[in-house]
Amino acid sequence: MEKPGVVEQVDLPPTLALGLGLPISLNSVGRVIPGVLEETSLRDQLRFLHLNGHQLSCLLKDSVPDYEKEAGFEQFRVAEKAHGSWMKLFLEGNTSEVLSNMGKKVLKQYVEALAAMSSALSKQLGKYDMYSMIAGMVFVFQLLLVLLLAMPEALSGDAAVELPVLSALLSLPFYLMCLLLASVHVLVCTSAESSCYFCSLSWGLVFAAVALSSAMFCILVSLVTRRLPLGARIHGKSPLRSIGSEWSLSELDVLLLAGTVGHTLSLAASSFVEEEHQTWYFLLNTLCLAVFQDVCRKYFREQRGTGDEEESILPSKDCHPSPKAEIYSEKWLALATPPFTLLCCRLLRSLNQTGVQWAHLPDMGHWLNSSEHRTVLSLLAAFCLVFIYLLVQRRCSWVSKVALALGLLGVYSYRAAVGNVLFPWQHSGRTTSKGTMEARFVYVFILGILFTGTKDLLRSQIITSDARLKSRGLWEIYSGLVLLVTLLFRAHNLPVLCCCLLIQTLMAQFIWKKLHYDAAQTTIMHYWFGQAFFYFQGNSNNIATVDISVGFVGLESYVEAPAIFLTALSTYAGPLLWACHLVCFLSSQRDRSPVAVGHGCYCLALLRSVPAAAYIVLVTTLRYHLFIWSVFSPKLLYEAMHLLLTAGVCLFFNTMEQSHTASKS
Numbered sequence: 001m002e003k004p005g006v007v008e009q010v011d012l013p014p015t016l017a018l019g020l021g022l023p024i025s026l027n028s029v030g031r032v033i034p035g036v037l038e039e040t041s042l043r044d045q046l047r048f049l050h051l052n053g054h055q056l057s058c059l060l061k062d063s064v065p066d067y068e069k070e071a072g073f074e075q076f077r078v079a080e081k082a083h084g085s086w087m088k089l090f091l092e093g094n095t096s097e098v099l100s101n102m103g104k105k106v107l108k109q110y111v112e113a114l115a116a117m118s119s120a121l122s123k124q125l126g127k128y129d130m131y132s133m134i135a136g137m138v139f140v141f142q143l144l145l146v147l148l149l150a151m152p153e154a155l156s157g158d159a160a161v162e163l164p165v166l167s168a169l170l171s172l173p174f175y176l177m178c179l180l181l182a183s184v185h186v187l188v189c190t191s192a193e194s195s196c197y198f199c200s201l202s203w204g205l206v207f208a209a210v211a212l213s214s215a216m217f218c219i220l221v222s223l224v225t226r227r228l229p230l231g232a233r234i235h236g237k238s239p240l241r242s243i244g245s246e247w248s249l250s251e252l253d254v255l256l257l258a259g260t261v262g263h264t265l266s267l268a269a270s271s272f273v274e275e276e277h278q279t280w281y282f283l284l285n286t287l288c289l290a291v292f293q294d295v296c297r298k299y300f301r302e303q304r305g306t307g308d309e310e311e312s313i314l315p316s317k318d319c320h321p322s323p324k325a326e327i328y329s330e331k332w333l334a335l336a337t338p339p340f341t342l343l344c345c346r347l348l349r350s351l352n353q354t355g356v357q358w359a360h361l362p363d364m365g366h367w368l369n370s371s372e373h374r375t376v377l378s379l380l381a382a383f384c385l386v387f388i389y390l391l392v393q394r395r396c397s398w399v400s401k402v403a404l405a406l407g408l409l410g411v412y413s414y415r416a417a418v419g420n421v422l423f424p425w426q427h428s429g430r431t432t433s434k435g436t437m438e439a440r441f442v443y444v445f446i447l448g449i450l451f452t453g454t455k456d457l458l459r460s461q462i463i464t465s466d467a468r469l470k471s472r473g474l475w476e477i478y479s480g481l482v483l484l485v486t487l488l489f490r491a492h493n494l495p496v497l498c499c500c501l502l503i504q505t506l507m508a509q510f511i512w513k514k515l516h517y518d519a520a521q522t523t524i525m526h527y528w529f530g531q532a533f534f535y536f537q538g539n540s541n542n543i544a545t546v547d548i549s550v551g552f553v554g555l556e557s558y559v560e561a562p563a564i565f566l567t568a569l570s571t572y573a574g575p576l577l578w579a580c581h582l583v584c585f586l587s588s589q590r591d592r593s594p595v596a597v598g599h600g601c602y603c604l605a606l607l608r609s610v611p612a613a614a615y616i617v618l619v620t621t622l623r624y625h626l627f628i629w630s631v632f633s634p635k636l637l638y639e640a641m642h643l644l645l646t647a648g649v650c651l652f653f654n655t656m657e658q659s660h661t662a663s664k665s
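In my numbering, the protein residues as written are 1 to 665.
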C-alpha cells in the first residue's frame, strides 16, 4: 500500500481549469497535478504543463523584481527549449524510443520548474508583516485586558474605574519597558530583510506607541495587583468578593453569555463567516422564546402564588375596574410581543436574501423593485413613512414633530425624484432629476432636529439637571438619526426600519420595563437585535453588498468625507440605531440606577471588543488559508469599522453621562 500524495489546495484551480478547457486564473499560484494527466497523450501533457508554466512565469515577472535569477524560471526556460526540440522531432514523424525518452525528460523538467516557481510565488505572495501584526495585536489585547480587569468597578454602584495612569508614568518599570521596546524596535527594523509598516513610521510616532504600550502594561500590572487578595486588603476593599457574593446566573443570562461566546467561536470557520446571518437569526429566535418564557413566568406562575391576596383586594369598593382592565391588556400585549417579534423577523428574512448560499434566489426586494410593482412600492413606502412618524414623534417637542413630518415628506419626494416611487398624479416613473434639492431639503430638517436635541442635552447638563429634559434631548438626537437613515435607505428597505422601531417600542414598553431586566441583560439584547438587523438590511460579510450609492445622496459629485460617513451610516444603521435606543431607554428609566447608562456603554464596548480581538487572532492564525482574501479579510474590515462606530457611540454617551453626573454633584 503506497502512501497517497499530498495535494495543495492552490493546485486545484489550474488543474480544474485545464481539465475543463478553460484559461487558468491570472493570479493562481498553483501547479497542475501531474497524476490527473496520466491518461492523456504525452503531447497533451506537455502542452498543459507549458500553459501552466507560462502563466506562472508571467505572474513571477509581475511579482518578483529579480525573477530571472529564480531557479524555477531558469528551469522553465530550459524545459521550454527542450519542448521545442521535441515538438520538431514529433512533427517530423519520428517515432523512435529516443523521442519517448526525450519527452519524459521534458515532462520531468516541466514538473520541477512548475514546483519551483509555485513555491517561489507562494513565499513571495504569502509574506506578511508579522512585526506590525504582532505589535497591533499587543495593543488590542492590552485594551481588552484593561476592559476585563475593570469589570468589577465598571459594573459597581459607582460605575467608576480608577486607572493609575500618573503612578504608572512615574514608575521605574515604565521607563524600563520603554527602553526594552525601543531596543526591540531598533533591532527588528535594522535587521529586517523586507519593508515593514511599523518601521516606516516616524520616530515620534514610534516612541509615542512605545510609551503608550509601556503605560498600558504598567496599568495592567497595577490592576492585576489590585485584584489579588493582598492588593484588595491594601486598598481597603475587595471588589471580587462583593461581586462574587451577589453574582448569580439566571436562565436568560446563560443563554446570552453562551450565545455571545458561541458566535465568537463560530467565526473560526469560513462557512459560518459567509452565512453569519443564520447564526444571528437562530440566536434571535432563541432569545424571543426565552423572553416569552419569562413573560409567562411573570404573568401566570407568580400570580398563582399571590392569588389569594389579590382576591381580597379586587372586590373592594375603593378599587376601580380600570386598573384591572389595564393590567389584563398589558398582560396579553406582553405575551404577544415575543411571537410578534418572531413574525416580523421571519418576514424581514424574506425581504433581502443575503449570505452566499441563497443570495442568488429572488426575494421580496427584487419583486418590489421591479417596474411592474412600482405602485405597490409607492404605497408601501408611504405607509412606512407615516408609521415611522407615529412611532418616533411621541417623545419629541412640537418643533421637532413639525420638522420630522416635513423631513419624511421630503424623503418621499426624493425617492419620487430619482424614480423609485410615484406620486398619485404621476403616470410614469421616468427620472427627471438626481433628487439633489430634495435630499438637501431633508438634510436641513435633520440638522434642525439634531440641533434641538443637542440644545436640550446641553441645557440638562449645564443650566439645570433635569432628567426629563435630558431624556427628551437624547430622543430628539435619536429621531434625527432615524430621519437620516430613512433618507439613505432604499424604498424597499423602509419596512426594515419600521419593524426595527416597532420592535423597539414593544420590547421597551412590555418586556424590558415590565420584567425589570438589568442594564447588562438589556444591552446584550440590544446588541443581538442590532446584529440581526444588520443582515435584515441585506448586508453580508462580502464587500459587494455595500451600497456605495448612498454616498452621493444630496451631492452633485463625489466628496470623500461625506461619502464615507453616509456609506458607513447606511451600512451599520441597524447596530447604530439599536445602540442609540439602548442609551435612550436606560436614561429614561428613572427607577433604574443612575449609572445604568455607564453600565450599558461598558457592556456594549466589551461585547464588541471580545469578538474583534478573537477574530484578529483567528485571521492571523489562518493567514495562509485558501479563503483568507475572499472570506476572512472582508469580515475583518467589517469588524474594524463596526468597532470604530461602537467606540464613538460609547465615548460620546459615556462622556455625556459623566458630565451630567458631575453637574448634579
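Even for Gly, the Cβ is constructed at its ideal location relative to N, Cα and C.
- Here ILE477 is near LEU450, since their CB atoms are less than 9 Å apart.
- Between the region 25–38 and the region 73–82 there are fewer than three inter-stretch CB-CB distances shorter than 8 Å, so the stretches are not counted as touching.
- Taken through DSSP and simplified to helix, strand or coil, ALA532 comes out as helix.
- When DSSP assignments are scanned along the region 416–454, no uninterrupted stretch of alpha helix (DSSP H) that is 4 or more residues long falls wholly within it.
- DSSP places HIS625 outside both helix and strand once states are collapsed to three, so it counts as coil.
- In its chain, beyond the 5 residues on either side, no residue has a beta carbon closer than 6 Å to the beta carbon of VAL186.
- Comparing alpha-carbon positions, the option among PHE73, ARG43, VAL161, THR337 lying closest to LEU289 turns out to be THR337.
- Here LEU377 has LEU368, ASN369, ASN420, VAL421, ALA491, HIS492 as same chain residues with Cβ atoms under 8 Å from its own Cβ, once five neighbours each way along the sequence are excluded.
- In its own chain, leaving out the 5 sequence neighbours on each side, no residue places its CB closer than 6 Å to the CB of LEU637.
- Following the DSSP letters along the chain, one finds ARG226 inside the alpha helix (DSSP H) bounded by residues 203–227.
- Of TYR602, TYR527, LEU487, the smallest CA-CA separation from LEU569 is found for LEU487.
- Between LEU342 and TRP528, the beta carbon gap of about 14 Å keeps them out of contact (Cβ cut-off 8 Å).
- The beta carbon of LEU606 is closer than 6 Å to those of LEU147 in its chain, skipping five residues each way along the sequence.
- The Cβ-Cβ distance between LEU586 and VAL649 does not fall below 9 Å.
- Not a single unbroken stretch of the beta strand (DSSP E) spanning 3 or more residues falls wholly within the region 554–611.
- About 4 Å separates the beta carbons of VAL10 and GLY30, which is inside the 8 Å limit, making them a contact pair.
- Here LEU51 carries a helix assignment [DSSP, helix/strand/coil].
- For GLN75, the enclosing alpha helix (DSSP H) starts and ends at 71–91.
- When LEU42, GLY72, TYR131 are compared, the shortest CA-CA separation from LYS104 is found for LEU42.
- Below 8 Å, enough C-beta pairs join the region 442–456 and the region 390–409 to call them touching: three or more.
- Rounded to whole angstroms, the Cβ separation of THR279 and SER266 is 6 Å, and the two are in contact under 8 Å.
- Fully contained in the region 462–493 are the following alpha helix (DSSP H) runs of length 4 or more, in chain order: 467–488.
- Pairing GLY53 with MET117 gives a Cβ-Cβ distance under 9 Å.
- When secondary structure is reduced to three states using DSSP, PRO338 falls in the helix class.
- Cα atoms of VAL595 and ALA359: separation of roughly 43 Å, rounded to the nearest angstrom.
- In the structure shown, the three-state DSSP call for LEU125 is helix.
- By the Cβ-count criterion, PHE489 is buried, with 16 or more other Cβ atoms from all chains shown falling within 10 Å of its own Cβ.
- By the Cβ criterion, the region 511–520 is not in contact with the region 405–414, since fewer than three pairs of Cβ atoms, one from each stretch, lie closer than 8 Å.
- Spanning the alpha carbons of ALA640 and LEU46 requires a straight line of approximately 48 Å.
- Taking one beta carbon from each stretch, the region 168–186 and the region 615–627 have fewer than 3 pairs nearer than 8 Å; the two do not touch.
- A distance below 7 Å between beta-carbons, with the five flanking residues on each side excluded, links THR260 to the following residues of its chain, in chain order: ILE524, LEU607.
- Between the C-alpha atoms of GLU275 and LEU351 there is a straight-line separation of about 17 Å.
- Membership of VAL261 in the alpha helix (DSSP H) is indicated by the continuous run 251–266.
- In this structure, ALA215 and PHE174 form a Cβ contact; the two beta carbons are roughly 6 Å apart against a cut-off of 8 Å.
- Between the alpha carbons of SER156 and GLU162 lies a gap of roughly 12 Å.
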